[in-house]
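Some notes on the structure that comes next.
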Amino acid sequence: MRILVCGATGFIGCHLTRRLVAEGHDVRGVDLLPPRYMEASGFELVTGDLRDPAFVADVVDGPFDEIYQLAADMGGAGYLFTGENDATVMFSSAMINQNMLRAACERDIGRIFYSSSACIYPVENQLEPDNPNCAEDSAYPANPDSEYGWEKLFSERLYMAFARNEGLTVRIARFHNIFGPHCAWNDGKEKAPAALARKVAEAADGGEIEIWGDGLQTRSFLYVDQCLEGTLRLMRSDWAGPVNIGSDEMVSIDRLVDMLIGISGKRIAKRYVEGPQGVRGRNSDNRLIREKLGWSPSQPLIDGLRPTYAWISEQVSAA
Ligand code: NAD
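If you read the sequence shown in my numbering, its first letter stands for residue 7, the second for the next number, and so on.
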């Protein structure tokens, strides 16, 4: 197949392009930035700004069997939940999605995938750490806790509108906290597993690390290979989504840190400090994906944390 991956040098994009190349597809990747964490090999990489409609028209220059639209202005709590980047996060991602959909209508496109997020779910359904509700049909009445979440919800609707009115075949997933090697880990856009793994890797044996909040907030984390598996299964299925792609192994941030400390083999104390945290509790509800795809992620969290910690530890040592 001829496949376009937008956001190809980003964390999920670089894993996706590698997998699609290994499957033998003819892949074009596009990103604002050159490769940062993983070499881009075996595919054509085009560098440019998807907010520019002329550039997007050049990139979508003919038929593609599949387009994966992963490009977004994206980060962890320190980037998305402080409020300081709201205008650029909303503007950039909305522009990218509008340009991509318009260009897709001009060409013969088999299917287009959009990566939405668990951040679209209403804040009031995620107040209790032990009992969050993230079932797909709980998205409305809408009340995401961040502008990033509002843009994702708007763009979900935009993709669905283009499917209805323009005949595009659209697939939408709501990713829940994806992690793994080759992610952002020290540039201000890192997410909790990478940030905490870095702190543990940097700490001396007998040292201390800082945790944002009281550590009792809950999340689930999905290893990147499982995310790709779900994404490709959804893309090639008859189900359009939106559907959660996430782990339902919910843990407290404290538990996540303990797992990382255990992997490191060090003795490390935890200090709880003020910091952006997002919602109090969040977990992937996997009933719909099981029903529609006959599959859901199954890998235990600890199995993904080991290679992730090893990779971040290497980056810390090399820095
Ligand atoms: P990432 O930031 O590593 O990758 C996004 C890529 O998009 C980056 O390489 C960036 O340079 C590129 N990009 C941004 N603006 C661009 C522009 N104007 N033109 C061209 N390229 C541009 O993020 P990721 O973790 O790989 O996430 C991929 C997608 O999945 C994003 O849409 C994100 O919102 C979504 N998502 C990710 C997670 C997660 O836990 N990683 C969770 C939910 C949703």
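Cβ atoms here follow ideal geometry from the backbone N, Cα and C, with glycine treated the same way.
Quick one: is the Cβ of Ala124 within less than 7 Å of any heavy atom of ligand 1?
yes
Buried or exposed, going by whether 16 or more other CB atoms sit within 10 Å of the CB of Trp245?
exposed
Who are Ser121's beta bridge partners in DSSP?
The partner list for Ser121 (beta bridge, DSSP) reads Ala179.
Which whole-angstrom value describes the C-beta separation of Lys195 and Met80, a residue pair presumed to lie in contact below a C-beta threshold of 8 Å?
7 Å
Would you say Asp37 touches ligand 1, meaning its beta carbon is less than 7 Å from a heavy atom?
True, at least one ligand heavy atom lies under 7 Å from that Cβ.
Given that a residue counts as buried once 16 or more other Cβ atoms are within 10 Å of its Cβ, and exposed if not, what is Tyr154?
buried
Please determine whether the Cβ atom of Met80 lies at a distance below 7 Å from any heavy atom of ligand 1.
At a cut-off of 7 Å, the beta-carbon of Met80 counts as near ligand 1: some heavy atom of the ligand is closer than that.
Near Arg293, which residues of its chain fall below 8 Å by C-beta distance, leaving aside the five closest residues on each side in sequence?
Ala141
Would you call the stretch 276-283 in contact with the stretch 203-216, where contact means no fewer than 3 C-beta pairs closer than 8 Å?
yes
Just the C-alpha distance for Gly5 and Asp37, rounded to the nearest angstrom, thanks.
Residue 5 lies beyond the stretch modelled for the chain, which goes from 7 to 325, so this question has no answer here.
Trp317 to Glu172, Cα distance in whole Å?
44 Å
Cβ atoms of Cys12 and Ala77: under 8 Å apart, would you say?
yes
Would you report the Cα separation of Ser152 and Arg180, rounded to the nearest angstrom?
15 Å
Neighbourhood of Ala100 by C-beta, 6 Å cutoff - its chain only, sequence neighbours within 5 removed
Glu157
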